[in-house]
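These notes concern the structure reproduced below.
Numbering (my numbering), first residue to last: 1 to 211.
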């Protein structure tokens with residue numbers, strides 16, 4: 001069943017939805033999901049954008065593959081986003097980073113809602129995800145920043161709703177064997193925080209589509 005923007009709005013507004021359980025479905029088995037007690041200071045704050053757009057007759061989700069020479073999360077699949085600057089809101093961060101990374105300005109987007117913040121232990125980041133769609137159902141013209149974005153990945157939302165794209169493998173991470181779930185899309189493995197945020201979005205949408 002194809003999803004509509006109206007259904008996505010409803011999904012983001014669900015009451016009594018267990019967002020953390022939805023995120024944990026795509027979290028590595030060994031993952032710590034809360035900030036350790038006694039850790040000094042406060043986590044760094046970031047904002048990311050789950051961007052929806054129409055391509056043909058169907059909604060798609062924008063993902064990017066990060067360049068291999070970046071200092072953090074090199075080569076990984078992610079949403080546009082980054083670190084919050086002092087004078088901006090977290091939504092402002094997500095929108096600014098989206099324009100910087102893929103060339104889509106805030107004026108071209110309609111904000112649909114937000115997902116649940118997620119803590120990323122290796123980088124001590126608390127990431128706040130937002131959901132938007134490209135105005136009026138038009139197809140965006142992406143202009144990726146070559147120093148940060150190696151590839152634009154346009155994934156049909158219907159593909160992500162297919163349970164068959166969720167796969168688990170045993171990986172070695174920082175010297176330990178870890179069972180890692182990921183979304184297998186277009187020869188890419190979407191895992192970690194991006195997969196967890198995407199899982200919450202998909203599971204919310206499933207509730208609405210099946211109600």
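Backbone N, C-alpha and C define an ideal beta-carbon position, used for all residues, glycine too.
- In this structure residue 191 is buried. Its beta-carbon is surrounded by 16 or more other beta-carbon atoms within 10 angstroms.
- The shortest C-alpha to C-alpha distance from residue 97 to any of 55, 149, 60, 39 is the one to 149.
- Secondary structure at residue 211: coil, using DSSP grouped into helix, strand and coil.
- By the Cβ neighbour-count rule, residue 207 is exposed, with fewer than 16 other Cβ atoms within 10 Å of its own.
- Within the segment 115 to 161, the runs of alpha helix (DSSP H) at least 4 residues long that lie entirely inside it are, in chain order, 157 to 160.
- In this structure, residue 49 lies near residue 94, with their beta-carbon atoms less than 8 Å apart.
- For residue 105, the secondary structure class from DSSP, reduced to helix, strand or coil, is coil.
- Buried is the label assigned to residue 133, since at least 16 other Cβ atoms lie within 10 Å of its Cβ.
- Looking only at 2, 167, 47, 77, the smallest Cα-Cα distance to residue 88 is reached by 47.
- Sequence-distant partners of residue 170 (beyond 5 residues in either direction) whose C-beta falls short of 8 Å from its own C-beta, in its chain, are 177, 178, 179, 180.
- A contact is defined here as three or more CB-CB pairs under 8 Å, and the segment 152 to 161 fails this definition with respect to the segment 104 to 122.
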